[in-house]
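Taken in order, these protein sequences are the chains called R and A.
Residue numbers 2 to 247, in the working numbering, belong to the letters of the first sequence in order.
Residue numbers 2 to 247, in the working numbering, belong to the letters of the second sequence in order.
Using N, Cα and C, we set each Cβ at its ideal position, and we do this for glycine too.
Note sheet for the following structure.
2 protein chains.
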Amino acid sequence: MRKNFKLIIEYDGSSYHGWQRQKNRKTIQGEIEKAIMTITGKKIALTGSGRTDAGVHAFGQVANFYCDTEISPEVFQRGLNGLMPKDIIIKECNTVDEKFHARYDAKTKTYRYRILNRTTPAAICRQYAWFIKKKLDLDAMQSAILHIIGTNDFKAFEGAGSPRSSTKRRVINAGLQQKEKEYLIFEIEADGFLRFMVRNIVGTLLDVGLCKITPDDFKKILLSKDRNLAGATAPPHGLFLMNVKY
Amino acid sequence: MRKNFKLIIEYDGSSYHGWQRQKNRKTIQGEIEKAIMTITGKKIALTGSGRTDAGVHAFGQVANFYCDTEISPEVFQRGLNGLMPKDIIIKECNTVDEKFHARYDAKTKTYRYRILNRTTPAAICRQYAWFIKKKLDLDAMQSAILHIIGTNDFKAFEGAGSPRSSTKRRVINAGLQQKEKEYLIFEIEADGFLRFMVRNIVGTLLDVGLCKITPDDFKKILLSKDRNLAGATAPPHGLFLMNVKY
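Written as structure tokens, this is what we have:
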């Protein structure tokens, strides 16, 4: 009987060319599909909730695949975790309604971006945060963030080469918290994300934190819909896909 | 003029044979001494607050060294961080009173041990916690911990091959906290530690958490002064030297 399997996946994206399968390149989707094929002997197409770019991490990526098999979800999970590299872990594996689609059914996604803001780089966990030496103005950054909450056209924060029917997205929550004194954690939940959207927002927020621009300038950039006015794209290694809600 | 330099050091111990200098083996002390020699052209002996074992990490190891030099602490810090591998970072470098001795003057040290307690191993930060699959009894572990607070003879938790004048130590604080649902963080501050003491305490606490022994059994093991009764030595990669107080 054909079953629909739902996976919740944690991965360290450091050594991968992103989520999406590519010929001759190591990707998360590619590794998981390869392992499923080893177990089932069948070629399977895995559907992710969305792509993550090269170097981006995930605590709760969601994907599904169809398979005509008697193998139980528990056995699948153990088998996949046994076969795959240690930087990809299947946290959950369940059979779900045959209509469940990891991408189309996603209601919101939450991303986190970690900034290490102190005078020296990290020795521990150094591949999981963007190191910024200059002291950032947290209050100014928090004021700027308020402007992105709600439904907005995020064209100014969209990466090049990503054709979309609309560049409007609804941001349900966004905030910045200080953690263990030296880390700044930016968290954002939205009904969808444009390519590089989080990293472009963070890059522009950084300009606010460095007092190169004001929170009001940040708002003007958002309203301008002009990518050229926004800041640099923050590096991928500070970014985490936290969870996907259905 | 001979100056006394004090360093605060963060390191990821994953790829080192511990703190202490060894011939033909990569150690933290060895790397720092080598970098100091490159900068000054002089052979320097670095004094650490104490050794950490192979694979153990530090957020705040402290060390000092004497050097007759005109180089400022700021230039030393930048030079060392530029010369050393990225998993060792000099967080602070200052000149201090010539009598300051990183080991003899240490009043207390604080260690942290991280346990990941969930059904699957970590993909992210996997080299920084001990993965325990079976659900641990937090309350029982916390009850056991109360027995080590105060001055006790920790002979039952001492590793072999470590001659000491006394095996009594004063534990000022010890506690266990849950973090992000799946992590257990054991923290302990004491006026000194025997070899493997934290890791042997954690290994025995694990037996309490797994309900193999009771908190009362834990107390009996402590009072027995018999290493054979205590649990296994927890692996080094979950252990962090947090700070040293003077």
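Close-in-space but distant-in-sequence residues of the same chain around A/F101 (CB under 7 Å, 5 per side omitted): N5, K7 and N65
Three or more C-beta pairs below 8 Å linking the region 145 to 157 of chain R and the region 203 to 219 of chain R: yes
Selected residue, minimal CA-CA separation from R/G232, among R/M243, R/N244, R/E32 and R/T215: R/T215
Spatial distance of A/R22 from R/G210 (CA atoms): 42 Å
Proximal residues to R/K226 (C-beta, below 7 Å), its chain only, five neighbours per side dropped: D154, K156 and A157
Beta-carbon gap between A/Y129 and A/G239 smaller than 9 Å: yes
CA nearest to the CA of A/D217, picked from A/I45, A/A55, A/D140 and A/K110: A/D140
Straight-line Cα distance separating A/I40 from R/D192: 54 Å
For A/H18 and A/G42, the rounded distance between their alpha carbons: 25 Å
Proximity test, Cβ basis, 9 Å: R/L21 and chain A: The sequence shown places Gln at residue 21 of chain R, not Leu. No, R/Q21 lies away from the interface with chain A (no Cβ there is under 9 Å from its Cβ).
Distance, R/E99 Cα to R/T48 Cα: 13 Å
Chain A contacts made by the region 92 to 125 of chain R, where a contact means CB separation under 9 Å: K92, E93, R119, T120, T121, P122, A123, A124 and I125
Anticipated Cβ contact below 8 Å, A/V63 with A/I9, distance rounded: 6 Å
Straight-line Cα distance separating A/V57 from R/K246: 38 Å
For R/D88 and R/M2, believed in contact at Cβ under 8 Å, the rounded distance: Not quite, the Cβ-Cβ distance comes to about 33 Å (not below 8 Å), so this is no contact.
Residues within the region 73 to 90 of chain A neighbouring chain R, beta-carbon criterion of under 7 Å: N82, K87, D88, I89 and I90
Burial state of A/E11, where buried means 16 or more other Cβ atoms lie within 10 Å: buried
7 Å Cβ cut-off: residues of chain R touching A/H58: I125
Between the CA atoms of R/Y184 and A/P74 - distance to the nearest angstrom: 25 Å
Element boundaries [beta strand (DSSP E), containing A/F60]: H58 to D69
R/K92 vs A/T96 beta-carbon contact at 9 Å: no
Where R/T28 falls, given that 16 or more other Cβ within 10 Å makes a residue buried: buried
Cβ-based burial, R/N118 [other Cβ within 10 Å; buried from 16]: buried
CB contact below 9 Å: A/E190 versus chain R: no
Cut-off 6 Å between Cβ atoms - residues of its own chain near A/D54, not counting five sequence neighbours on either side: G19 and P237
Buried or exposed by the 16-neighbour rule on C-beta atoms within 10 Å, applied to R/M85: buried
Pairwise C-alpha distance: A/A36 and A/S15: 20 Å
Nearest residue (CA-CA) to A/G51, options A/L81, A/L230 and A/F194: A/F194
Beta carbon proximity, A/F6 to chain R, threshold 9 Å: no
Check whether A/K169 and A/T152 have beta carbons under 9 Å apart: yes
Rounded separation between R/Q178 and A/Q178 - CA only: 21 Å
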